[in-house]
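Undergrad:
There are 2 protein chains.
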Amino acid sequence: MDEHGTCGHHGHGQDSHAHGHESHGPARTADLVARAERLAQDLGLQFTTLRRRTLEVVAEEGRPLGAYDIAERLSAPGKRVAAVSVYRALDFLTEHGLVHRIASRNAFVPCEHGHGAGESAVFLICRSCGSVDETISAEIERSLDRTLAQAGFKPASRIVEIEGECGACQGRQGE
Amino acid sequence: MDEHGTCGHHGHGQDSHAHGHESHGPARTADLVARAERLAQDLGLQFTTLRRRTLEVVAEEGRPLGAYDIAERLSAPGKRVAAVSVYRALDFLTEHGLVHRIASRNAFVPCEHGHGAGESAVFLICRSCGSVDETISAEIERSLDRTLAQAGFKPASRIVEIEGECGACQGRQGE
DNA sequence: ACGCGGATCGTTACACTGTAACAGGCAGGG
DNA sequence: CCCTGCCTGTTACAGTGTAACGATCCGCGT
């Protein structure tokens, strides 16, 4: 159930295509942790060990992780971490834009660029390799804002998730 | 936990704003059932009693219903309908575009306009009254298509769900 | 030092969401 | 009639998420 096939993408970065995640690994993780520490410092919040480790686990994995998966990875033979604790840590992390929740998968991914928590992202979820690519398009935001204004609707949070096949997986089709 | 406050909306229907659901009631229900019967006729599918009643229940309610809520409404003192049966009926109904699943709520709403199952809709979910408004914007679709093409991503299904406050609820704020 | 309040975390219990597997029922075709 | 395919009923179970309570830790004012 693992084998996440290193979906390379390629992203000729137009329109602030903010990913470039060959090997989601430790680099991004360190960035995220640093951002979290700065954020906690500035706002007087507590970036506790559990929260840091939760963030690290999510960031190391290159694809969406369920809360129970995270709990499992955080647990050690003598030291079990309950899912409920992970949920609380995830609440904190999502509130401050450090991780995103993928509603269509009940899973979580690290935020792959430094946008504030208020912005909206588009998630491209590959059905073949399971990778998630986070992009931002000002054009989409504009169209959405226009539609929302027409409907007299005041948005609080936006969920845009596209399922399909990523560029890398279209090459090795049916393989 | 009910009290769905009759969120009237109003929708000055620009950009194919396809709702107009003052009182989601029986009218829409009959339309949907008729559509389902035609569809089943044409494709040689079975629009069974369970599927029809499930569709009716979803259509009568003006807001997202969970599968277990539907099961409860379909059950009678001596005749219990299991949730798993409802899920199967919902699978059928969603596959053919008669109802939509709201991923962020794990709930289902009737399709409020006659688009084919392939199209993509934008769901406006009100946090105050719980109503869901389904709209379609060609502009948003174009922006999305452009972004997806740029990313080399081949979409299969699209989820666009905006949470916030609907026009009607903004009037009676905090009330 | 002491107590206090607030936030975090551990633990248990529970509700809700969704699927797998198997058996019975029902219609249509040979 | 039997066989086949689809739908449904039933049970069991896995996965997701929250409520509630207690313990702990930490900073703060006295």
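Protein chains in written order, with this note's numbering: chain A, 1 to 175; chain B, 1001 to 1175. Glycine is no exception: its CB is placed at the ideal position from the N, C-alpha and C atoms.
#1: Could you name the residues of chain B that A/Arg-158 contacts, counting a contact when the two beta carbons are closer than 7 Å?
#2: Near A/Leu-50, which residues of its chain fall below 7 Å by C-beta distance, leaving aside the five closest residues on each side in sequence?
#3: Bridge partners of A/Ile-102, per DSSP?
#4: Near A/Glu-141, what residues of its chain come up, given a Cβ to Cβ distance below 7 Å and the 5 sequence neighbours on each side ignored?
#5: Between A/Ala-82, A/His-113, A/Gln-41, A/Gly-171, which has its C-alpha nearest A/Ala-215's C-alpha?
#6: Exposed or buried, what is B/Asp-1042 when buried is set at 16 or more other beta-carbons lying within 10 Å of its beta-carbon?
#7: Taking just the CA atoms, how far does A/Lys-79 sit from B/Leu-1093?
#8: With a cut-off of 7 Å, does the C-beta of B/Phe-1047 fall near any C-beta of chain A?
#9: Work out the CA separation of B/Phe-1153 and B/His-1021 for me, nearest whole Å.
#10: Please state whether the Cβ-Cβ distance between B/Ser-1234 and A/Ile-159 is less than 7 Å.
#11: Taking A/Gln-137 as part of the alpha helix (DSSP H), name the residues at either end of that continuous run.
#12: Where does A/Val-122 fall in DSSP's three states?
#13: Specify the secondary structure class of B/Ala-1030 as computed by DSSP and reduced to three states.
#14: Between A/Phe-153 and chain B, is the shortest Cβ-Cβ distance under 7 Å, so that the two count as touching?
#15: Using a Cβ-Cβ distance cut-off of 7 Å, determine whether B/Gly-1167 contacts chain A.
#16: Between B/Val-1109 and B/Glu-1161, what straight-line distance do the alpha-carbon atoms span, to the nearest angstrom?
#17: Kindly give me the distance between the Cβ atoms of B/Val-1033 and B/Leu-1055, rounded to whole angstroms, as I take these residues to be in contact under 8 Å.
#18: At a CB-CB cut-off below 7 Å, which residues of chain B make contact with A/Arg-127?
#19: I'd like to know whether the C-beta of A/Ser-131 is nearer than 7 Å to at least one C-beta of chain B.
#20: Could you tell me which chain B residues have their CB closer than 8 Å to the CB of A/Val-122, listed as they occur along the chain?
#21: What does a CB cutoff of less than 6 Å around B/Leu-1124 pick up in its chain, not counting 5 residues either side in sequence?
#22: Enumerate in chain order the residues of its own chain whose CB-to-CB distance from A/Cys-169 is below 7 Å, with the five nearest sequence positions on each side excluded.
#23: Mark B/Gly-1097 as exposed unless 16 or more other C-beta atoms lie within 10 angstroms of its C-beta, in which case mark it buried.
#24: Since B/Ala-1107 contacts B/Gly-1066 with CB under 8 Å, what's their CB separation in whole angstroms?
#25: Looking at A/Ile-102 and A/Pro-64, is the spacing between their C-beta atoms short of 7 Å?
#26: Leaving out five residues on either side along the sequence, give the residues of the same chain with a beta carbon under 8 Å from the beta carbon of A/Arg-52.
#27: Secondary structure at B/Leu-1065, three-state DSSP: helix, strand or coil?
#28: Give a yes or no on whether 7 Å exceeds the smallest Cβ distance from A/Ala-107 to chain B.
#29: Taking the continuous beta strand (DSSP E) assigned at A/Gly-164, which residues delimit it?
#30: Is the distance from the Cβ of A/Ser-137 to the Cβ of B/Thr-1048 below 7 Å?
TA: Walking through what the data contain:
#1: Within chain B, the residues near A/Arg-158 are Ile-1162.
#2: Result list for A/Leu-50: Ser-85, Ala-89, in chain order.
#3: A/Ala-107
#4: Cβ within range, chain order: Ser-120.
#5: Only positions 1 to 175 of chain A appear in the structure, and residue 215 of chain A is not among them; the question remains open.
#6: exposed
#7: 46 Å
#8: With 7 Å as the cut-off, B/Phe-1047 does not count as an interface residue toward chain A.
#9: At B/His-1021 the pLDDT is 43, less than 50, meaning the model places this residue with poor confidence; the figure from the coordinates comes in the next sentence. Taking the straight line from one Cα to the other gives about 35 Å.
#10: Absent from the model: residue 1234 of chain B. The displayed extent of chain B is 1001 to 1175, so no value can be given.
#11: Looking at the sequence provided, one finds Ser at residue 137 of chain A rather than Gln. Taken as a continuous stretch (DSSP letters only), A/Ser-137 belongs to no alpha helix (DSSP H), as it is neither H nor E.
#12: Here A/Val-122 sits in strand by DSSP.
#13: helix
#14: yes
#15: Contact with chain A is found for B/Gly-1167, since one of that chain's Cβ atoms lies less than 7 Å from the residue's Cβ.
#16: Going by the C-alpha atoms only, they are around 13 Å apart.
#17: 6 Å
#18: Ala-1156
#19: no
#20: Leu-1144, Thr-1147
#21: Asp-1133, Ile-1162
#22: Cys-7, Cys-126, Ser-128, Cys-129
#23: buried
#24: 5 Å
#25: yes
#26: So the qualifying residues of the chain are Val-33, Ala-36.
#27: strand
#28: Output row for A/Ala-107: interface = no.
#29: 154-165
#30: no
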